[in-house]
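Numbering (the working numbering), first residue to last: 74 to 718. Worksheet for the structure shown next.
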Amino acid sequence: MSRIVQLPPHLVNKIAAGEVIERPASVVKELMENALDAGATRIDVALKQGGVELVRVVDNGCGLAADELLPAVTSHATSKIRSEADLEHISTLGFRGEALASIASISRLAIRSRQPDAAGGTELEVVGGGIGDVLPCGAPVGTLIEANDLFFNTPVRRKFLRSTQTEMGYASEAFTRLALGCPGVHCTLTHNERTLFDLPPVDDWRDRIAALFDRQLADGLISVESVEGPVRLSGYVAHPDQSRPNGRMQYLLLNGRAIRDRSLQHALSEAYRGLLLTGRFPICFLRLTLPPEMVDVNVHPTKLEVRFQDGGRLYSQLLGTLRAKFLSSDLTARMRGPVGTERPTEDEAQVTRLRQGVVDWATAALAQAGQGASTALLGSGSTGLAGPAIPLPVSSVSGPGGLDSLEPQLTMHRLDPADVRWRPESRRAPVENTNQQDAEGAATAPVGVTAEALLSSPTAIQVLDRYLVAETPEGMVVIDQHALHERILYEEIRRKVLAGQVERQNLLVPEPVDLAPAEAAAVLEAAELLRQLGIAVSPFGGGTVLVESYPAMLANFRPAELLRSLSDQLLAGDRAPQRRDLLDSLMHMIACKAAIKAGDRLSGEEIMALLGQRELAQDAHHCPHGRPTALVFSREELDRQFKRT
Ligand code: ADP
Ligand code: MG
């Protein structure tokens, strides 16, 4: 490697500036990048206490000469670029010459290094920026750098660090991203002396993916490859039945560097359009190789984002390659085919289960209403949408709870048969059958309502599979079915959480769920909080979390699905949220998940049940996110609109 030189000020000013060392994970990233730039074939990363106490990276790369230790920890000194022109074609992971200086300023840093032809090694210690002497020492060829006691001299920044587990999660994510980019390099990661990853060098990238994630996932991946001019795209995407509620399992490597790129992520979603339900994200491991001069990596301090010279072409290449692949594997047709001819996907099966849950729930609620029970339509209280079809016992966290514990002021909302105008299911009947001649009738009844239907159903219809329209004494109300149901369920779960009476579903055999390391850490950190919601989790090692129970309200969701959404919520903010806010956002999430969706066709009974419960919600006018659940059109308003006044 060339000598380290101090960059001149005009060049320093050209380099994207910004904080690079935010947390232990940043140290892991910078030190591993340096080891890779030094040509190492083996990199050992050791952490203590999530990296806060220690990050040590040992490599067998080219090493540093004795007189290079000082420049290495000096700001804007690098061996990787010399001039402004070099910025145009960067082929190393680092180039700003700032990482070691930054790490040295917030930790107790030690470097020990030896070049292959040197007689011995040298070492240097820097404590919070105070530089010690360069001393000879015994050392193997390569470099050891350790950062102890991170942020010891900047207590405010130290305060922003999260729990050991969470920091560890971020750190192992950083490790993962780099280890993915160098399958030929032996990489290990240990935490508090325990080995988390030992990744031997491999020829087949799939083997590195399997070692980092999960063999089954890796084996199911679909390989993609295309070369357009100097641009090569290769790697893997997952079958659409493997999807995630976030984009965190989308790994995009540009010349070995893990990046985020909105445009390419968009191309990816476009390729999967119609194959995934909305809100689901594909999994991918993609490598782009292109000449360094075709991309500017100097736009973001941590080089997470880059700027492509011809982003449009890359977009089309990615989209085109994936589309062609999906078409040739007949994936599109298979996914779009009618349910039943093929094994339904995870998502479809879930929708079907959920729909069945709504029907069961509504039927039960109605049966109860028929018996004149005074709390009738709140029947969903015991199991939410879960319905009765759950094989495992439902237990209440404390006491009998259930329907008996509901507030006494709740009254039943009865639908008056005299109000009944039509049956929602029949709204698609042929137009000829209608006999609404007068203007008033036409204004309230939809096209296609049969005469007898007008006599025997509730005063509400569903339109566009997402809104309920009902008559009120004042006029008319349009209700967002999802928002309303979400509100009702949210209040229900909140009441139960406060009373410590969330019904949970115990699993006879705990289910292991594989998560990204950061996700697993976040979930385990919140274990105690999750318990209040009826979710019991325990660590199983690596990124695997065992689910022992989950809320009965979400019985129709697979534990894996639930945990991924939870971790998503938990990782949503950068800073440790207040406990109460977190609980609240988790309750929102559960309510949102359990609620019927926009697009779910409801039966007349379901509509009645939902509207009945509307009266019971404390704030039926807003969904938990604060959006309105209903729009009211008064008679005066309607009259005015129709110019009757
Ligand atoms: P950059 O990587 O942007 O050049 P750093 O502050 O990370 O800046 O490192 C400064 C210099 O120290 C590098 O340019 C490189 O010459 C040298 N260096 C750092 N880490 C290593 C290592 N593990 N092996 C060999 N040289 C290293
Ligand atoms: Mg560097």
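Note that beta-carbon positions come from the ideal geometry of N, C-alpha and C, so glycine has one too. Given the structure is predicted, the values throughout are model-derived calculations rather than measurements.
Exercise. Taking Cβ positions, are Gly616 and Pro590 nearer each other than 9 Å?
Worked result: Translated into positions along the sequence shown, residue 616 becomes position 543. Translated into positions along the sequence shown, residue 590 becomes position 517. Cβ distance < 9 Å, so Gly616 and Pro590 count as in contact.
For this session: Could you tell me the boundaries of the alpha helix (DSSP H) in which Val310 lies?
Result: By one-based count along the sequence shown, residue 310 stands at place 237. It is not in any alpha helix (DSSP H) - Val310 instead sits in the beta strand (DSSP E) that spans 304 to 310.
Exercise. When the Cα atoms are used, what is the spatial distance from Leu120 to Arg235?
Worked result: If you number the sequence shown from 1, residue 120 lands on position 47. If you number the sequence shown from 1, residue 235 lands on position 162. Each residue's Cα considered, the two are about 15 Å apart.
Exercise. If we count the other Cβ atoms within 10 Å of its Cβ and call it buried at 16 or more, is Arg76 buried or exposed?
Worked result: Counting from 1 along the sequence shown, the entry for residue 76 is found at position 3. With fewer than 16 Cβ atoms within 10 Å of its Cβ, Arg76 is classed as exposed.
Problem set entry | Residue burial classification, Cys357 (beta-carbon count within 10 angstroms, cutoff 16) | Working through the sequence shown from its first residue, we reach residue 357 at position 284. By the 16-neighbour rule on beta-carbons within 10 angstroms, Cys357 is buried.
Problem set entry | Distance, Asp117 Cα to His555 Cα | Translated into the one-based positions of the sequence shown, residue 555 becomes position 482. Translated into the one-based positions of the sequence shown, residue 117 becomes position 44. For His555 and Asp117, the distance between alpha carbons rounds to 50 Å.
For this session: Report buried or exposed for Asn107, applying the criterion of at least 16 other Cβ atoms within 10 angstroms of its Cβ.
Result: Locating residue 107 in the sequence shown gives position 34, counting from the first residue. By the beta-carbon neighbour count (other beta carbons within 10 angstroms, threshold 16), Asn107 is buried.
Exercise. Which term fits Leu704, buried or exposed, when burial requires 16 or more other beta carbons within 10 angstroms of its beta carbon?
Worked result: Residue 704 sits at position 631 when you count from the first residue of the sequence shown. Sixteen is the threshold: since fewer than 16 other Cβ atoms of the shown chains lie within 10 Å of the Cβ of Leu704, the residue is exposed.
Problem set entry | the region 176 to 191 / the region 220 to 228 touching (three or more Cβ pairs under 8 Å) | The way I'd put it, the region 176 to 191 does touch the region 220 to 228; three or more beta-carbon pairs between them come closer than 8 Å.
Exercise. Excluding sequence positions up to five away, which residues of its chain have a Cβ less than 7 Å from the Cβ of Asn86?
Worked result: In the sequence shown, counting from the first residue as 1, residue 86 sits at position 13. Nothing meets the Cβ criterion.
Problem set entry | Own chain residues within Cβ distance below 6 Å of Leu326, not counting five before or after | Locating residue 326 in the sequence shown gives position 253, counting from the first residue. Closer than 6 Å at Cβ, skipping near neighbours: Gly254, Arg360.
Exercise. Start and end of the alpha helix (DSSP H) containing Pro365?
Worked result: Here residue 365 refers to the residue found at position 292 of the sequence shown. Annotation for Pro365: no alpha helix (DSSP H) segment contains it, and DSSP assigns it neither H nor E.
Exercise. Of the residues Leu142, Ala671, Val310, Thr362, which one's Cα is nearest the Cα of Asp538?
Worked result: The residue labelled residue 538 in the question sits at position 465 within the sequence shown. Distances from the CA of Asp538 to each of Leu142, Ala671, Val310, Thr362 were compared; the closest alpha carbon is that of Ala671.
Exercise. Leaving out the 5 sequence neighbours to the left and right, which residues in its chain are closer than 8 Å to Val618 when beta-carbon positions are compared?
Worked result: Counting from one through the sequence shown, the residue named residue 618 turns up at place 545. Sequence-distant partners of Val618 (beyond 5 residues in either direction) whose C-beta falls short of 8 Å from its own C-beta, in its chain, are Pro585, Val586, Leu588, Ala593, Val596, Leu597, Val610, Ser611, Pro612, Leu636.
Exercise. Of the residues Gly201, Asp314, Val310, which one's Cα is nearest the Cα of Ser291?
Worked result: The residue you call residue 291 lines up with position 218 of the sequence shown. The amino acid occupying residue 291 in the given sequence is Ala; Ser does not appear at that position. It is Val310 whose Cα lies nearest to the Cα of Ala291.
Exercise. Are Cys260 and Arg115 close, meaning C-beta to C-beta below 9 Å?
Worked result: In the sequence shown, the residue the question calls residue 260 occupies position 187. In the sequence shown, the residue the question calls residue 115 occupies position 42. When the beta-carbon positions are compared, Cys260 and Arg115 come within less than 9 Å of each other.
Exercise. Just checking my contact of Thr147 with Phe168 at CB under 8 Å: how many whole Å lie between their CB atoms?
Worked result: Taking the first residue of the sequence shown as position 1, residue 147 is located at position 74. Taking the first residue of the sequence shown as position 1, residue 168 is located at position 95. Thr147 to Phe168, Cβ: 15 Å. No contact.
Problem set entry | Unbroken alpha helix (DSSP H) run spanning Lys121, endpoints | Here residue 121 refers to the residue found at position 48 of the sequence shown. Here Lys121 belongs to no alpha helix (DSSP H); instead the beta strand (DSSP E) covers 115 to 121.
For this session: Report yes or no: do the region 625 to 632 and the region 669 to 683 share at least 3 C-beta pairs separated by less than 8 Å?
Result: The region 625 to 632 is not in contact with the region 669 to 683.
For this session: Kindly provide the ranges of any alpha helix (DSSP H) runs that are 4 or more residues long and lie completely inside the region 257 to 335, ordered along the chain.
Result: Qualifying alpha helix (DSSP H) stretches, in chain order: 278 to 285, 288 to 292.
Exercise. How is Pro374 classed by DSSP in three states: helix, strand or coil?
Worked result: Numbered from its first residue, the sequence shown carries residue 374 at position 301. Here Pro374 sits in coil by DSSP.
Exercise. Just checking, does the region 293 to 313 make contact with the region 373 to 382 on the three C-beta pairs under 8 Å criterion?
Worked result: They do not touch, by the three-pair rule.
For this session: Using the Cα positions of Ala397 and Lys102, report the straight-line distance between them to the nearest angstrom.
Result: Residue mapping note: residue 397 aligns to position 324 of the sequence shown, counting from 1. Residue mapping note: residue 102 aligns to position 29 of the sequence shown, counting from 1. Take the alpha-carbon of Ala397 and the one of Lys102: they are about 35 Å apart.
For this session: Output yes or no for whether 9 Å exceeds the beta carbon distance between Gly320 and Met241.
Result: Here residue 320 refers to the residue found at position 247 when the sequence shown is read from its first residue. Here residue 241 refers to the residue found at position 168 when the sequence shown is read from its first residue. Cβ atoms of Gly320 and Met241: not closer than 9 Å.
Problem set entry | Beta bridge counterpart(s) of Glu161 as assigned by DSSP | Here residue 161 refers to the residue found at position 88 of the sequence shown. Partner(s): none; Glu161 has no beta bridge.
Problem set entry | Cα-Cα separation, Asp712 to Val542 | The sequence position of residue 712 within the sequence shown is 639, counting from 1. The sequence position of residue 542 within the sequence shown is 469, counting from 1. Put simply, the backbone Cα of Asp712 is about 18 Å away from that of Val542.
Exercise. Among residues of its own chain, excluding the 5 on either side of Thr362, which ones have a beta-carbon nearer than 7 Å to its beta-carbon?
Worked result: As a working mapping, residue 362 is identified with position 289 in the sequence shown. Within the same chain, Thr362 has close Cβ partners Arg305, Asn328.
Problem set entry | Three-state class that DSSP yields for Gly91 in the structure shown | Stepping through the sequence shown from its first residue, residue 91 is reached at position 18. Residue state, collapsed to three classes: coil.
For this session: Specify whether the region 92 to 99 and the region 200 to 211 touch according to this definition: at least 3 beta carbon pairs, one from each stretch, less than 8 Å apart.
Result: Because the criterion of three Cβ pairs below 8 Å is not met, the region 92 to 99 and the region 200 to 211 do not touch.
Problem set entry | CA-to-CA distance, Cys665 to Arg653, given in whole angstroms | If you number the sequence shown from 1, residue 653 lands on position 580. If you number the sequence shown from 1, residue 665 lands on position 592. Here the alpha carbon of Arg653 sits roughly 18 Å from the alpha carbon of Cys665.
For this session: Can you give me the Cβ contacts of Ser640 inside the same chain, cut-off strictly under 7 Å, excluding the 5 residues immediately before and after it?
Result: As a first step, residue 640 must be located in the sequence shown, where it is residue number 567. Exclusion of the five residues before and after Ser640 leaves Leu588, Glu592, Ala595, Val596 as the residues of its chain whose Cβ lies within less than 7 Å of its Cβ.
Exercise. Say the cut is 8 Å; is the CB of Thr165 nearer than that to a heavy atom of the ligand ADP?
Worked result: Counting from one through the sequence shown, the residue named residue 165 turns up at place 92. Thr165: yes, Cβ under 8 Å from the ligand ADP.
Problem set entry | Reference Cys135, options Leu84, Gly215, Ala191, Ala145, closest by Cα | For the purposes of this step, residue 135 is taken as residue 62 along the sequence shown, with counting starting at 1. Cys135 has its Cα closest to that of Gly215, out of Leu84, Gly215, Ala191, Ala145.
Exercise. Which residues in the same chain have their Cβ closer than 6 Å to the Cβ of Ala98, if we skip the five residues on either side of it in sequence?
Worked result: In the sequence shown, counting from the first residue as 1, residue 98 sits at position 25. If we look at Ala98 and ignore the five residues flanking it on each side, its Cβ neighbours are Tyr243, Ala244, Ala247.
Exercise. Can we count Arg330 as close to the ligand ADP, meaning its CB is less than 8 Å from some heavy atom?
Worked result: Taking the sequence shown and counting its residues from 1, the one referred to as residue 330 is at position 257. In this structure, the ligand ADP has no non-hydrogen atom nearer than 8 Å to the beta-carbon of Arg330.
Exercise. Is the distance from the Cβ of Ile295 to the Cβ of Ser402 below 9 Å?
Worked result: Position 222 of the sequence shown, counted from the start, is the residue given in the question as residue 295. Position 329 of the sequence shown, counted from the start, is the residue given in the question as residue 402. Contact: yes.
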